[in-house]
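Heads up: the sequence shown runs through residues 1 to 275, numbered per the UniProt record's numbering. We put the beta carbon where it would ideally sit given N, CA and C, even for glycine. Nothing here was measured: the structure is a model prediction, and the numbers come from that model. Working notes, structure below.
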Amino acid sequence: MTSTVLITGCSSGIGAATVKHFASQGWNVAATLRNPAAAPFDDSAGKVASFALDVTDPHSVAAAVAQAVERFGQIDVLINNAGYGLFGPFESATQEVIERQFQTNVFGVFAVTRAVLPHMRERASGVIINVASLTGLVAMPLYSLYAASKFAVVGFSESLSHELGPLGIRVKVFAPGAVATDFSGRSLVRTFEGDGGPYAQSIGKVMGVFAANRGTSNASTPEQLAQALYDAATDGSAQLRYVIGEDAKALMQTRKDIGEEALMGAMRQRFGLAG
Ligand SMILES: NC(=O)c1ccc[n+]([C@@H]2O[C@H](COP(=O)([O-])OP(=O)(O)OC[C@H]3O[C@@H](n4cnc5c(N)ncnc54)[C@H](OP(=O)(O)O)[C@@H]3O)[C@@H](O)[C@H]2O)c1
């Protein structure tokens, strides 16, 4: 029987590339997105079905999962990919802005996982891959809320992997470094107005480092992420954590080599934030 993957956040970037990759490998793909009318992929081969799913709306989550099961009979792999970022000083983020970040990046992952789990449990088989971030392992300055949401996804995945392993369900978490999508254009929300007031100097320094890196950084392509997600879904292993991208691997190696405290110091130096 053909395997089926359900993916969230398929309107662009990593999600859209992953839809295409799984379909090219002969999988059925339940491609979910907030606005299926804007799906950037072709349904014509009959392998891909688009379903409306907003991870913050429990009704749309339940409906999309039910439709996917009805259409394809089963869900073998779930990829929780939908997400966006907050950038700016913690103090400038309103409670509403913070809650929205967690509703999407954390509670959204919980909601879709909870909806898919009974189907996987019934069959004692399945793989759940949560797309966190390198920022879920090492926090960059001025990303405190995005980092908190992705650290939450990493912790959730680790504990859940112990819980679901005995039931035949494997949980994995992705920690990609930079990926060349339009994330910083369309999915990065600033928490501050103007120059950020008392934080203006720090914001300027951090933005300067990121801007300088942009042209030169060895970001992964969304297609490389799609390939890595496919490989993780099909590798048959119990591996939990997948650090993706040369930049992410280099940073994790540095942390291993020099230790966590020294890395913190090096980062403060690099961003010009040493006290
Ligand atoms: N790009 C990077 O450098 C990078 C690095 C590490 C991790 N990541 C993670 O990778 C994932 C995908 O990001 P990307 O780079 O592919 O950026 P992207 O192209 O902007 O994709 C983000 C996706 O999330 C969807 N989304 C946002 N809120 C949603 C909601 N409430 N319900 C359903 N879908 C929602 C967006 O849908 P709409 O079109 O409806 O907004 C879009 O499809 C994110 O979780 C991100 O945190 C990205």
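Residue burial is scored here from C-beta neighbours: D247 has at least 16 other C-beta atoms within 10 angstroms and is therefore classed as buried.
Taking a contact as a CB-CB distance under 8 Å, the pair V61 and A115 counts as one, their CB atoms being some 5 Å apart. For R241, the enclosing beta strand (DSSP E) starts and ends at 241 to 244. Rounded to the nearest whole angstrom, the CA to CA distance from E193 to D182 is 22 Å. According to the DSSP assignment, V29 belongs to no alpha helix (DSSP H) but to the beta strand (DSSP E) extending over 28 to 33.
In this structure, D54 has its CB closer than 7 Å to one or more heavy atoms of ligand 1. Contact between T18 and A212 does not hold, since the beta-carbon distance rounds to 30 Å and is not under 8 Å.
Relative to the non-hydrogen atoms of ligand 1, the Cβ of A37 never comes closer than 7 Å to any of them.
Between A124 and A23, the alpha-carbon positions lie close to 24 Å from each other.
Assigned with DSSP and collapsed to three states, A16 falls in helix. Scanning the stretch 197 to 224 for uninterrupted alpha helix (DSSP H) segments of 4 residues or longer gives 200 to 214, listed from N- to C-terminal end.
Per DSSP, V65 has no beta-bridge partner at all.
Within 10 angstroms of the beta-carbon of H162 lie fewer than 16 other beta-carbons, which makes it exposed.
Residue T221 holds the alpha-carbon nearest to the alpha-carbon of A178 among T221, F72, Y199, L137. For the options P58, N80, K47, V55, the alpha carbon positioned closest to that of I7 is the one of N80. Secondary structure of A111 (DSSP, three-state): helix. In the DSSP assignment, L188 falls within the beta strand (DSSP E) that extends over 188 to 190. Inclusion of G136 and A238 in the CB contact set at 8 Å is not warranted, their separation being larger than that value. Per DSSP, G265 lies in no beta strand (DSSP E) segment; the continuous alpha helix (DSSP H) that holds it begins and ends at 260 to 270. Residue nearest to S50 within the set G9, P58, E122, G85 is G9 (criterion: CA-CA distance). In the assembly as shown, M120 is a buried residue. Its beta-carbon has 16 or more other beta-carbons within 10 Å. Residue range 4 to 7 is occupied by the beta strand (DSSP E) that includes I7, with no alpha helix (DSSP H) assigned at that position.
Per DSSP, K150 is one residue of the alpha helix (DSSP H) stretching across 144 to 164. Not one heavy atom of ligand 1 sits closer than 7 Å to the Cβ of I128. Judged by the Cβ position, P89 fails to qualify as a neighbour of ligand 1 at the 7 Å threshold, every heavy atom of the ligand being at least this far. Put simply, the backbone Cα of A200 is about 21 Å away from that of G185.
N213 has its CB no nearer than 7 Å to any heavy atom of ligand 1.
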